[in-house]
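J.: FYI, in our numbering the residues of the sequence shown are 5 to 293. Built from N, CA and C at the ideal position, the CB exists for glycine as well. What you are looking at is a predicted structure, and each value in this text was computed from that prediction instead of being measured.
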Amino acid sequence: MIYLITVNYYSAELIAKLLASIHQGQAQVDVDYQLIVVNNSAAEDCSKLASDRVLILEAGENLGFGGGCNLGLNWVFERDRAATAWLINPDTTLSENSLNHAAQFCKIHPMLSIIGTIISEPSGKIWFAGGEFVPETGKIIAKTESPHQLANYVETSWVTGCSLLVNFQNFNHCPQFDPAYFLYYEDFDFCRRYAQQGHRIVITEQIQVVHQPSSITNRTPSLTLQHSTFSYLLALERHTSQKVFGYRLSRILFHALRASVVQPKRAIAILKGVLNFWQGKLVRQIRQK
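1. Exposed or buried, which one is Val11 when buried takes at least 16 other CB atoms within 10 Å?
2. Does DSSP classify Gln212 as helix, strand or coil?
3. Residues in its own chain within less than 6 Å of Tyr188 by CB, not counting five upstream and five downstream?
4. Give a single yes or no on whether Glu125 has its beta carbon closer than 8 Å to a heavy atom of the ligand NAD.
5. If you reduce the DSSP assignment to three classes, tell me which class Lys52 lands in.
6. Within 8 Å, do at least three Cβ pairs link the stretch 7-24 to the stretch 86-94?
7. Since I believe Ile144 is in contact with Cys73 (beta carbons under 8 Å), could you give me their beta-carbon distance rounded to a whole number of angstroms?
8. With Tyr14 as the anchor, note down where its beta strand (DSSP E) starts and where it stops.
9. Out of Val80, Pro139 and Phe81, state which residue places its alpha-carbon closest to the alpha-carbon of Lys247.
10. Report yes or no: do three or more beta-carbon pairs, one from the stretch 167-183 and one from the stretch 64-82, lie closer than 8 Å?
11. Given a threshold of 16 other Cβ atoms within 10 Å of its Cβ, counted over all protein chains shown, does Arg83 qualify as buried or as exposed?
12. Look at Thr160 and Val206 and say whether their C-beta atoms are less than 9 Å apart.
13. Label Thr96 either buried or exposed according to how many other C-beta atoms from any shown protein chain fall within 10 Å of its C-beta, with 16 as the threshold for buried.
14. Determine the DSSP secondary structure at Glu82, reduced to helix, strand or coil.
15. Ignore the nearest five residues each way along the sequence and tell me which others in Tyr198's own chain have a CB closer than 7 Å to its CB.
16. Using the beta-carbon count (16 or more within 10 Å), is Trp131 buried or exposed?
17. Provide the residue(s) that pair with Lys143 in DSSP beta bridges, ordered along the chain.
18. Is the beta carbon of Phe186 closer than 9 Å to that of Gly70?
19. Determine the direct distance from the alpha carbon of Cys166 to that of Lys129, and round the result to whole angstroms.
20. Would you grab the beta carbon distance between Asn43 and Glu62 for me? Rounded to a whole angstrom, and I think it's under 8 Å.
21. Would you list the one or two residues that DSSP bridges to Phe175?
22. Leaving aside the five residues before and after Ala86 along the sequence, list all residues of the same chain whose C-beta is less than 6 Å from its C-beta, in chain order.
23. Which residue wins for smallest C-alpha separation from Gly120, given the options Glu100, Asn156 and Gly142?
24. Nearest to Glu241 by CA position, among Leu169, Gly142, Gln292 and Ala107, is which residue?
25. Compute the Euclidean distance between the alpha carbons of Leu237 and Asp34, then round it to the nearest angstrom.
26. With a CB to CB cut of under 7 Å and the five nearest residues on each side skipped, what residues in its chain are close to Val158?
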């Protein structure tokens with residue numbers, strides 16, 4: 005069975021479109037599936053989305069993207085350890101027969117633990133086609149060119165949580181996002197941690213979705229940049245050397261200084277992200293003592 009998990013933060017209208025694409029875009033849905041909506045916006049009533057195929061999990065507060073996904077993943081894992089969990093953004097729609105293609109792909113390739121899909125914009129332009137990580141430089145790259153391989157899938161360093169499938173059969177414990185990441189880079193960290201444990205991370209062209217970029221995050225650009233800066237530094241600290249971390253941090257601070265002249269709000273958001281990182285680091289060190 006496939007459980008689609010989406011995290012809602014004042015995005016009920018977008019989720020309704022996602023649900024419609026599941027119903028309308030599949031010529032014949034031969035797959036047993038359920039959509040799990042994790043409601044991170046307590047003030048928003050999502051009950052109108054509920055149905056036999058749609059379950060609403062109330063988070064009670066904004067847990068962030070990773071925290072919301074963890075709530076959904078735990079719910080599914082407790083009930084069906086043979087399931088496939090498909091993390092899917094609210095601002096996406098499934099391409100034709102994607103659900104059937106996903107079920108067939110997972111059936112044919114049971115050894116794959118984490119599967120990313122090709123993600124396109126409504127214009128047809130590819131938005132994500134795999135992730136590259138260069139630990140020697142700290143570069144975390146989202147590829148935008150299709151691999152065009154004859155193989156059914158291509159190994160990759162990481163895949164985006166915008167559309168990410170997890171094969172529970174390959175995990176002894178429920179896979180989890182690190183709660184230290186509130187927003188951004190939690191998917192990168194998720195993939196790198198499980199890759200280090202021997203799990204295979206791949207991208208496939210056989211499953212495709214359409215994404216409307218920034219339809220949610222553009223609502224609060226300064227806060228988005230603040231979270232992105234914090235999470236990027238945390239990812240570097242966890243997955244690169246101190247030398248690389250120091251180099252990247254100096255570049256971020258230089259960029260903030262340069263931006264302060266013509267884009268002061270941007271500079272402040274970056275500096276807040278840096279400050280939040282160091283505050284969080286201090287708290288973690290105190291807890292470890």
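T.: The structure says:
1. If you number the sequence shown from 1, residue 11 lands on position 7. By the neighbour-count rule (16 or more Cβ atoms within 10 Å), Val11 is buried.
2. In the sequence shown, counting from the first residue as 1, residue 212 sits at position 208. Here Gln212 carries a strand assignment [DSSP, helix/strand/coil].
3. Stepping through the sequence shown from its first residue, residue 188 is reached at position 184. Excluding sequence positions up to five before and after Tyr188, its CB lies within less than 6 Å of the CB of His231, Ser232 and Ser235, all in the same chain and listed in chain order.
4. Among the ligands in the structure shown, none appear at all, so the ligand NAD cannot be discussed.
5. Walking along the sequence shown from the start, residue 52 turns up at place 48. If DSSP states are grouped into helix, strand and coil, Lys52 belongs with the helices.
6. Of all C-beta pairs linking the stretch 86-94 to the stretch 7-24, three or more are shorter than 8 Å, placing the two stretches in contact.
7. Indexing the sequence shown from 1 puts residue 73 at position 69. Indexing the sequence shown from 1 puts residue 144 at position 140. Going by Cβ atoms, the distance from Cys73 to Ile144 rounds to 19 Å, so no, they are not a contact pair.
8. Your numbering for residue 14 matches position 10 in the sequence shown. Neither: Tyr14 is in no beta strand (DSSP E) and is coded neither H nor E.
9. Sequence index remark: in the sequence shown, residue 247 carries index 243 (1-based). When each option's Cα is compared against that of Lys247, the closest is Pro139.
10. At 8 Å Cβ cutoff, the stretches touch.
11. On the sequence shown, position 79 is the one that residue 83 refers to. It counts as exposed.
12. As a first step, residue 160 is located in the sequence shown; it is residue number 156 there, counting from the start. As a first step, residue 206 is located in the sequence shown; it is residue number 202 there, counting from the start. With respect to the 9 Å criterion, Thr160 and Val206 are classified as neighbours on the basis of their beta carbons.
13. The sequence position of residue 96 within the sequence shown is 92, counting from 1. Burial call: buried.
14. Here residue 82 refers to the residue found at position 78 of the sequence shown. Taken through DSSP and simplified to helix, strand or coil, Glu82 comes out as helix.
15. The residue given as residue 198 occupies position 194 in the sequence shown. Excluding sequence neighbours, Tyr198 sits near Ser117, Ile118 and Pro179.
16. Residue mapping note: residue 131 aligns to position 127 of the sequence shown, counting from 1. Burial call: buried.
17. What you label residue 143 is simply residue 139 of the sequence shown in a count that begins at 1. Paired residues: Val138.
18. What you label residue 70 is simply residue 66 of the sequence shown in a count that begins at 1. What you label residue 186 is simply residue 182 of the sequence shown in a count that begins at 1. In this structure, Gly70 places its C-beta atom within 9 Å of the C-beta atom of Phe186.
19. Reading the sequence shown from its first residue, position 125 is the one you call residue 129. Reading the sequence shown from its first residue, position 162 is the one you call residue 166. Taking the straight line from one Cα to the other gives about 16 Å.
20. Position 39 of the sequence shown, counted from the first residue, corresponds to residue 43. Position 58 of the sequence shown, counted from the first residue, corresponds to residue 62. Yes, they are in contact, since the Cβ atoms of Asn43 and Glu62 sit about 5 Å apart, within 8 Å.
21. In the sequence shown, the residue the question calls residue 175 occupies position 171. Its beta-bridge partners do not exist; DSSP assigns none.
22. Looking up residue 86 in the sequence shown gives position 82. The answer, listed in chain order, is Gln173.
23. Taking the first residue of the sequence shown as position 1, residue 120 is located at position 116. Checking every option, the nearest Cα to that of Gly120 belongs to Asn156.
24. By 1-based counting over the sequence shown, the position of residue 241 is 237. Closest in C-alpha terms to Glu241, from the list Leu169, Gly142, Gln292 and Ala107, comes Gly142.
25. If you number the sequence shown from 1, residue 237 lands on position 233. If you number the sequence shown from 1, residue 34 lands on position 30. Just so you know, the alpha carbons of Leu237 and Asp34 end up roughly 43 Å apart.
26. Locating residue 158 in the sequence shown gives position 154, counting from the first residue. Taking C-beta separations shorter than 7 Å and ignoring five residues to either side along the sequence, the partners of Val158 in its chain run Gly134, Pro151, Val206 and Ile207, following chain order.
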